[in-house]
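What follows is a short report on a single structure.
In our numbering, the protein residues as written are 7 to 151.
As structure tokens, then:
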């Protein structure tokens, strides 16, 4: 995590994300750039969705040890707008492990305002990935969590 100090805190202290689900793992960090904004000046929702899909695939890829594809976005909620300069941290945890599929919950937290750092949950989603073979057909997962 980024080292930031808050007023009255020890310099260099790491900011901890607020109440992450049990078993969540930091899988990606990214900072949106000016090219990622929509006409209103907020980061485009489609850009955030693409980043969530990439982050959500990290844990399934480790388990599948081969090709995986996104088969469903089961739930996706934008909780707060994202701005240029927000440092986004993507946390993921597996919520279901099937024979060929893996469902993942992803939470996105924005670290804002370097002068007075704060963390805000901006997005959360549930996605399902399926392991596939060389012909694009579902294949059985051989490794369990």
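Glycine residues also receive a C-beta, built at the ideal position from the N, C-alpha and C atoms.
Put residue 14 into one of helix, strand or coil per three-state DSSP. Taking the chain shown and counting its residues from 1, one reaches residue 14 at position 8. Bear in mind that the predicted position of residue 14 carries a pLDDT of just 46, short of 50, making it too unreliable to give a figure here.
Short of 6 Å in beta carbon distance, which residues of its chain neighbour residue 37, apart from the five on each side in sequence? Order them along the chain. In the chain shown, counting from the first residue as 1, residue 37 sits at position 31. If we look at residue 37 and ignore the five residues flanking it on each side, its Cβ neighbours are 93.
Reducing DSSP to helix, strand and coil, say where residue 90 ends up. Residue mapping note: residue 90 aligns to position 84 of the chain shown, counting from 1. The answer is coil: DSSP assigns residue 90 none of H, G, I, E or B.
Count the C-beta pairs between the stretch 68-79 and the stretch 112-124 that are closer than 8 Å, then say yes if the count reaches three, no if not. no
Considering only residues of the same chain and omitting the five flanking positions on each side of residue 33, which have a CB-CB separation below 6 Å? Looking up residue 33 in the chain shown gives position 27. Only 61, 64, 96 and 98 meet the Cβ criterion.
Cβ of residue 132 within 8 Å of Cβ of residue 106? Residue mapping note: residue 132 aligns to position 126 of the chain shown, counting from 1. Residue mapping note: residue 106 aligns to position 100 of the chain shown, counting from 1. Going by C-beta atoms, residue 132 is not nearer than 8 Å to residue 106.
In three-state terms, what does DSSP make of residue 144? Position 138 of the chain shown, counting from 1, holds the residue named residue 144. Note: residue 144 maps to strand in three-state DSSP.
6 Å Cβ shell around residue 86 - same chain, five flanking residues per side excluded: Stepping through the chain shown from its first residue, residue 86 is reached at position 80. 126 and 128.
Name the DSSP bridge partner or partners of residue 125? Within the chain shown, numbered from 1, the residue matching residue 125 stands at position 119. BP columns for residue 125 point to 117.
When the Cα atoms are used, what is the spatial distance from residue 7 to residue 145? In the chain shown, residue 7 corresponds to position 1, counting from 1. In the chain shown, residue 145 corresponds to position 139, counting from 1. Low confidence applies here, because residue 7 scores a pLDDT of 42, under 50, leaving its location unreliable; read the following figure in that light. Spanning the two alpha carbons is a distance of roughly 36 Å.
For residue 46 and residue 140, I'd like the C-alpha separation in whole angstroms. Position 40 of the chain shown, counting from 1, holds the residue named residue 46. Position 134 of the chain shown, counting from 1, holds the residue named residue 140. Going by the C-alpha atoms only, they are around 43 Å apart.
Residue 48 and residue 89: beta carbons closer than 8 Å? Numbered from its first residue, the chain shown carries residue 48 at position 42. Numbered from its first residue, the chain shown carries residue 89 at position 83. Going by C-beta atoms, residue 48 is nearer than 8 Å to residue 89.
Are there 16 or more other CB atoms within 10 angstroms of the CB of residue 113, so buried, or fewer, so exposed? By 1-based counting over the chain shown, the position of residue 113 is 107. Result: buried.
What did DSSP end up calling residue 105 once you bin it into helix, strand or coil? As a working note, residue 105 is residue 99 in the chain shown. Three-state result, residue 105: coil.
Shortest alpha-carbon distance to residue 82 belongs to which of 142, 31, 68 and 57? Numbered from 1 along the chain shown, position 76 holds the residue referred to as residue 82. Comparing Cα positions, the closest option is 57.
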